[in-house]
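Down below is the structure, laid out as structure tokens.
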Amino acid sequence: MIRPLPTLLLAAALTAAIGSLAAQTVSSGLRGPTPLNDEGPAPPMAPTRNTAEREARNYPEQPPVIPHSIDGYQIDIRGNKCLSCHARARTAESQAPMVSITHFMDRDGQFLASVSPRRFFCTECHVSQSVSNPPVSNDFVDIDTLLSRAAPGGRR
Amino acid sequence: MSDEAKPLPRETWFGRVKSFALELWGVLIRPSSVFSLGVLVLAGFVAGIIFWGGFNTALELTNTEKFCTSCHEMRDNVFAELKSTIHFTNRSGVRATCPDCHVPHDWTDKIARKMQASKEVWGKIFGTIDTREKFMDRRLELAVHEWARFKANDSLECRNCHSADSMDITKQSPRASTAHQRFLFTGEKTCIDCHKGIAHHLPDMRGVPGWQ
Numbered sequence: 010m011i012r013p014l015p016t017l018l019l020a021a022a023l024t025a026a027i028g029s030l031a032a033q034t035v036s037s038g039l040r041g042p043t044p045l046n047d048e049g050p051a052p053p054m055a056p057t058r059n060t061a062e063r064e065a066r067n068y069p070e071q072p073p074v075i076p077h078s079i080d081g082y083q084i085d086i087r088g089n090k091c092l093s094c095h096a097r098a099r100t101a102e103s104q105a106p107m108v109s110i111t112h113f114m115d116r117d118g119q120f121l122a123s124v125s126p127r128r129f130f131c132t133e134c135h136v137s138q139s140v141s142n143p144p145v146s147n148d149f150v151d152i153d154t155l156l157s158r159a160a161p162g163g164r165r
Numbered sequence: 004m005s006d007e008a009k010p011l012p013r014e015t016w017f018g019r020v021k022s023f024a025l026e027l028w029g030v031l032i033r034p035s036s037v038f039s040l041g042v043l044v045l046a047g048f049v050a051g052i053i054f055w056g057g058f059n060t061a062l063e064l065t066n067t068e069k070f071c072t073s074c075h076e077m078r079d080n081v082f083a084e085l086k087s088t089i090h091f092t093n094r095s096g097v098r099a100t101c102p103d104c105h106v107p108h109d110w111t112d113k114i115a116r117k118m119q120a121s122k123e124v125w126g127k128i129f130g131t132i133d134t135r136e137k138f139m140d141r142r143l144e145l146a147v148h149e150w151a152r153f154k155a156n157d158s159l160e161c162r163n164c165h166s167a168d169s170m171d172i173t174k175q176s177p178r179a180s181t182a183h184q185r186f187l188f189t190g191e192k193t194c195i196d197c198h199k200g201i202a203h204h205l206p207d208m209r210g211v212p213g214w215q
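Residue numbers (this note's numbering), protein chains in the order written: chain F, 10 to 165; chain X, 4 to 215.
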């Protein structure tokens, strides 16, 4: 049997709670005070990091990030602007790092004379970096730091 | 009477043209018996001004982006591609139009280029690149012409705006400043050697030096 008084009280409490939620503006660090059903103003475009200095990888398998601007670089069936500096034969003149030898391998592990078609589209993995404050902070710790925490000064 | 009744031998087309030309030549080399020398000189002067003005006006009219993009071959292919590049849209709003890069600015070279462009009129009339597919098939050939022209005149059309003397390499990215010091300032390379495809999409680059 449903007792009427507690049910009514519960209903009143729920109504009050919903009302106060609806009146509250939801402000999140990512989307700001814009109402959920509206689209806020676009954030300003962040400039590209353009130092041309190599950046450390966070883990050994990480595709190295691009430390320069790649605006307008064409990468398609007709040409690959990246390779005009990073191809093996071009590195002497450009002093750019050579495309990794792993990129010459086809999917059967056979080495080809040049970059394998499946590794042709550089920006599938390698990306340029922008100078901006990330809205969500990152507490990633790389493996070296982790290991030295466990055994300071120990061999890794 | 019998002589007149006899029909003259019908002149050939070539014969008529020849006799007309001879008659015209006769008029041209005879001194004028109606106009004074002063009138003739003045008339020649005025006609010269009108001709020269008209010629230059027509020349400048064909030297505008509006004229270039009045054909769909240019408007839908190369002009559409230009729009997203820094030579069309950028922070300061200074932009290059078609003739800024593709027609030499000094008179002699401009006339030479305009004479070459008669081939482009031919191409327009006979629809050499009137579809996207035809254009893509010919793209390398067309691009190679432009690259050769830039290479031959040391990228003059680039340098009309971009002067190596005024280039502040400290304001450039380290990569750009190194490359410019090593290759541009030494004269080892010219702009087009590295900056192919900055204003339009590239053709199939296989076999082009420096490309894969």
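Positions of the beta carbon are idealized from the N, C-alpha and C atoms, including for glycine.
Sub-8 Å separation of residue i and residue j beta-carbons
i	j	result
Y68/F	D148/F	no
P107/X	R94/X	no
S137/F	S78/F	yes
A9/F	Q175/X	Outside the shown range of chain F (10 to 165) lies residue 9/F, about which nothing can therefore be said.
T67/X	P102/X	yes
P177/X	T60/F	yes
D117/F	S125/F	no
R66/F	P76/F	no
S253/X	I172/X	What the structure shows of chain X is the stretch from 4 to 215, and residue 253/X is not part of that stretch, so it cannot be assessed.
K127/X	C74/X	yes
S123/F	F113/F	yes
S35/X	L27/X	no
DSSP-derived helix/strand/coil call for residue i
i	result
T57/F	strand
I75/F	strand
N142/F	coil
I84/F	strand
S36/X	coil
G96/X	coil
M77/X	helix
S176/X	coil
S157/F	helix
M114/F	strand
F54/X	helix
M4/X	Any reading at M4/X needs caution, since the residue's pLDDT is 47, under 50, leaving its predicted position unreliable; the model's value is listed next. Coil.
G227/F	The question about residue 227/F has no answer, for chain F in this structure spans 10 to 165.
S125/F	coil
F120/F	strand
R41/F	In the sequence as displayed, the identity of residue 41/F is Gly instead of Arg. DSSP places G41/F in strand when its eight states are reduced to three.
N59/X	helix
N109/F	For the sequence presented, residue 109/F should be read as Ser rather than Asn. The answer is coil: DSSP assigns S109/F none of H, G, I, E or B.
D171/X	coil
S87/X	coil
S158/X	coil
S103/F	helix
Nearest candidate by alpha-carbon position, reference residue i, set the options
i	options	result
C161/X	L187/X, R142/X, S87/X	L187/X
L145/X	D79/X, L205/X, W55/X, A167/X	L205/X
C104/X	G213/X, K127/X, C194/X, R209/X	C194/X
F153/X	S73/X, S180/X, D112/X, A24/X	D112/X
L143/X	K127/X, D207/X, S166/X, T173/X	D207/X
S169/X	N156/X, R178/X, H183/X, P177/X	H183/X
A55/F	I110/F, P144/F, D115/F, A159/F	P144/F
T100/X	G126/X, K122/X, K69/X, S121/X	K69/X
E191/X	D157/X, T173/X, A179/X	D157/X
R58/F	G162/F, S139/F, E64/F	S139/F
R209/X	R158/F, L156/F, R40/F, N89/F	N89/F
H90/X	D80/F, S109/F, C91/F, A160/F	D80/F
H148/X	G130/X, F23/X, E123/X	E123/X
S121/X	K21/X, A24/X, T65/X	T65/X
L159/X	G57/X, T60/X, D109/X, G29/X	D109/X
Own chain residues within Cβ distance below 8 Å of residue i, not counting five before or after
i	result
S100/F	Going by the sequence as given, residue 100/F is Thr instead of Ser. Here the set comprises C94, P106, M107.
T92/X	K86, R98
F38/X	A46
T16/F	none
D196/X	K154, F186, G213
Close-in-space but distant-in-sequence residues of the same chain around residue i (CB under 7 Å, 5 per side omitted)
i	result
H203/X	V81, E84, L85
F138/X	E76, N80, I132
K199/X	W150, L205
R78/X	T72
L19/F	none
F17/X	none
T43/F	G49
Cβ shell of residue i (< 6 Å), same chain only, five flanking positions each side left out
i	result
E76/X	I132
P72/F	C134, H135
T88/X	A202
- Are the stretch 124-133 of chain F and the stretch 81-95 of chain F touching by the rule of at least three beta carbon pairs closer than 8 Å? yes
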